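What follows is one structure encoded as structure tokens, with my remarks underneath.
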Amino acid sequence: MKRISRNFISLFLSDGITRLIGFAATVYIARVLAVEGFGLINYGLAFISYALLFANPGLTVIGAREVAKAPQNRRFIEETIGLRVVLAIIIFAIFFAVTSLLPGDRIIKQIILVYALTLFPCAVLLEFVFQGREEMAYIGGARIIQYCVYLGILLLFLKSAHGILVVPFGFVIGYVFATIFLICVFVKKYRSFQLRFSVSQWRVILTAAVPVGLAIIFNQVTISLPAIVLGVFKTNYEVGIYSAGYKIVFMLLIVERVFYYVFFPILSKQHRQNPEKLASSFNFLTRFLFALTIPIAVGGLMLAPGIINLIYGRAFVEAINVFRILLIYFVIVPVNTIFGYGLIAIEQERRFFKIITITAIVNAVLIVLLGLQFGFFGAASALLISEFMSIILMHRQLKKFVRFGCVKYILKPAIAALLMALLLHILPQWHVFTLIVCGTVVYFSVFYLVKGFSKLDLDNIKRIIVEK
Numbered sequence: 028m029k030r031i032s033r034n035f036i037s038l039f040l041s042d043g044i045t046r047l048i049g050f051a052a053t054v055y056i057a058r059v060l061a062v063e064g065f066g067l068i069n070y071g072l073a074f075i076s077y078a079l080l081f082a083n084p085g086l087t088v089i090g091a092r093e094v095a096k097a098p099q100n101r102r103f104i105e106e107t108i109g110l111r112v113v114l115a116i117i118i119f120a121i122f123f124a125v126t127s128l129l130p131g132d133r134i135i136k137q138i139i140l141v142y143a144l145t146l147f148p149c150a151v152l153l154e155f156v157f158q159g160r161e162e163m164a165y166i167g168g169a170r171i172i173q174y175c176v177y178l179g180i181l182l183l184f185l186k187s188a189h190g191i192l193v194v195p196f197g198f199v200i201g202y203v204f205a206t207i208f209l210i211c212v213f214v215k216k217y218r219s220f221q222l223r224f225s226v227s228q229w230r231v232i233l234t235a236a237v238p239v240g241l242a243i244i245f246n247q248v249t250i251s252l253p254a255i256v257l258g259v260f261k262t263n264y265e266v267g268i269y270s271a272g273y274k275i276v277f278m279l280l281i282v283e284r285v286f287y288y289v290f291f292p293i294l295s296k297q298h299r300q301n302p303e304k305l306a307s308s309f310n311f312l313t314r315f316l317f318a319l320t321i322p323i324a325v326g327g328l329m330l331a332p333g334i335i336n337l338i339y340g341r342a343f344v345e346a347i348n349v350f351r352i353l354l355i356y357f358v359i360v361p362v363n364t365i366f367g368y369g370l371i372a373i374e375q376e377r378r379f380f381k382i383i384t385i386t387a388i389v390n391a392v393l394i395v396l397l398g399l400q401f402g403f404f405g406a407a408s409a410l411l412i413s414e415f416m417s418i419i420l421m422h423r424q425l426k427k428f429v430r431f432g433c434v435k436y437i438l439k440p441a442i443a444a445l446l447m448a449l450l451l452h453i454l455p456q457w458h459v460f461t462l463i464v465c466g467t468v469v470y471f472s473v474f475y476l477v478k479g480f481s482k483l484d485l486d487n488i489k490r491i492i493v494e495k
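The sequence shown begins at 28 in this note's numbering and counts up one residue at a time.
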């Protein structure tokens, strides 16, 4: 079996397991803390997501790219980790000062500060090393450890809304265990682990990383700003409803995460060694992703009421349409990620940064306007509109360097998904799980009949999976 298929399978399985564990943790938190407590937790998570990004301004993306080119360059790895530790200390100090000085609810401040402790284990988290070395099994193992520890702490200690601080503490401890695991593996391979502090080299690293880091920070605004805007200007109830719909889509976005981790180093190598292969790689990835995401989105649109009720209960009924809006967003995100990181792989990170900056500004304006006017529906719609704008711009820029198709790969999955939707519409009284199984069978049967993948595509997939 090829390394690419081993990495894909191991990361897909491990990410699937961790997302299921994480989703179980989310559901448990929602049921124990109720809508308002669930909103508080997601409000705190939105802040820590920014802290983690400022403490890692593109360093892991550039790090993975550089490790892919020179896996044994331990000095670069140690300098990158040293820089991340210094940045973590600075960002935590800022968070501590701001939360201490500004007025506000004591519980919210405590939640934010506990989450901020995550900065320290994340500073020495070595995922980028193993991504660059294309050893995804270690990344997967670390994530499984992280989420198992997190869920275990929740089940043992979170019994009522009064124990809300158990959630951020469990989150931090999970990261600590994952970090220790990867450090142990690193020491086994490199014989030692140390930090290297070199201001001159940090300038070089930051020069390459900052455009990517700023783009990622702006992109995170697109993801986490809805919860913050709703929390500040609306209510914790609105944050909880929005988050309920988004959390399901976040779990589905395992597709995006796996494809990025597996194919980013490969695209980077192809750009250096075999640039003529890039067009076929982007064609294959686009076709495969649409064939996977379109039926999931269409099925989710049809089954949204049953899914929300099954997972969260009747209290979250207003999350149904939020979930539906974000399912369309789900179709766009994985393909857009491939286009965006494709630009970084071919060393066009400044173009990537420019597009993300534009779409982040548009997104921020839309979230404030639509979120204030329409609440969680407006926030979800703003996220969808900005992502649609982003994929158009990313595709346009990438095609200046790599000639490949995109829109034409939507038709056949759409035909198969519409016939699947017809079946789901005819049989609404069946159980959700039964409908999911039946819908899956119908989709892939029709997709096969309309030749969604050509014989050449199937041969290529077989070579990727089977051949050594």
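Note that the Cβ used here is the ideal one computed from N, Cα and C, for glycine as well. Here the structure is a predicted model, which is why all the values come from computation and not from measurement.
> Is the beta carbon of Phe317 less than 8 Å from the beta carbon of Tyr436?
Replying inline: yes
Next on the checklist: Between which residues of its own chain and Gly327 is the CB-CB distance below 6 Å, once the five residues before and five after are set aside?
Outcome noted: Leu354
| said: Let me make sure I understand the geometry here. Which of Val239, Val285, Ile453 and Tyr165 has the alpha-carbon closest to that of Cys211? | reply: Tyr165
For the region 427 to 481, which segments carrying the alpha helix (DSSP H) assignment without a break, of at least 4 residues, lie completely within its bounds, in sequence order?
-> 438 to 453 and 459 to 476
Stretch-stretch touch, CB-based, cutoff 8 Å, three pairs: the region 57 to 75 with the region 249 to 267: yes
| message | Which runs of the alpha helix (DSSP H) at least 4 residues long sit entirely within the region 151 to 185? Give them in chain order. | response | 154 to 159 and 163 to 184
Requested in this report: Check Asn83 in the structure and name its three-state DSSP category.
Outcome: coil
Problem set entry | Local Cβ density within 10 Å of Asn301, reported as buried at 16 or more and exposed below that | exposed
Let me confirm a value: Asn83 is counted as buried when at least 16 other C-beta atoms fall within 10 Å, else exposed. Which label applies? buried
Please classify Lys116: does DSSP put it in a helix, a strand, or coil? Note that residue 116 corresponds to Ile in the displayed sequence, not to Lys. Correct three-state label for Ile116: helix.
Considering only the alpha carbon of each residue, which of Ile36, Phe35, Arg46 and Ile31 lies closest to Phe277?
Arg46
- Task: Look up Val344 in the DSSP assignment and say whether it is helix, strand or coil.
- Result: coil
Between the alpha carbons of Phe122 and Ala143, how many angstroms are there, rounded? 7 Å
Mark Lys495 as exposed unless 16 or more other C-beta atoms lie within 10 angstroms of its C-beta, in which case mark it buried.
With a pLDDT of 42 at Lys495, under the threshold of 50, the modelled position of that residue is not reliable, and the figure given next carries that caveat. Exposed, because fewer than 16 other Cβ atoms sit within 10 Å of the Cβ of Lys495.
DSSP three-state label for Glu374, please.
coil
* Taking the alpha-carbon positions, what's the Val429 to Ile31 distance? -> 22 Å
Practice problem: Would you kindly work out how many angstroms separate the C-alpha atoms of Leu410 and Tyr356, rounded to a whole number? | Solution: 7 Å
- Message: Please report the straight-line C-alpha distance between Ser41 and Val259, rounded to a whole angstrom.
- Response: 36 Å
Review point. Based on Cα-Cα distance, which residue from Lys381, Gln424 and Ile281 lies nearest to Val358?
Key: Ile281
Cβ pair count under 8 Å reaching 3, the region 397 to 415 against the region 329 to 343: no
| Around the C-beta of Lys215, are 16 or more other C-beta atoms found within 10 angstroms, so that it is buried, or is it exposed? | exposed
- Where do the ends of the alpha helix (DSSP H) carrying His422 lie? Phe403 to Leu425
For Ser187, which of helix, strand or coil comes out of DSSP?
coil
task = Taking all protein chains shown into account, decide if Gln158 is buried (16 or more other Cβ within 10 angstroms of its Cβ) or exposed.
result = buried
Span separating the alpha-carbon of Val362 from that of His422: 9 Å
- Task: Out of Gly272, Ile172, Leu305 and Met329, state which residue places its alpha-carbon closest to the alpha-carbon of Leu209.
- Result: Ile172
How would you write the range of the alpha helix (DSSP H) that Thr320 sits in, first residue to last?
Leu305 to Tyr339
**Study point:** Euclidean distance between Cα positions of Arg133 and Val464
**Key:** 47 Å
*Is Asn100 helix, strand or coil when you go by DSSP?*
coil
Along the chain, where does the alpha helix (DSSP H) that runs through Ser251 open and close?
Val226 to Phe260
ask   = How many angstroms separate the CA atom of Cys433 from the CA atom of Lys136?
value = 46 Å
- prompt: Hey, would you say Val237 sits closer than 8 Å to Ala387, going by beta carbons?
  reply: no
Nearest residue (CA-CA) to Thr145, options Leu462, Ser417 and Leu80: Leu80
Problem set entry | Local conformation of Asp42 per DSSP, three classes | helix
task = Flag this pair as yes or no: are the beta carbons of Val496 and Phe196 separated by less than 8 Å?
result = Because the chain is modelled from 28 through 495, residue 496 falls outside the range shown and cannot be assessed.
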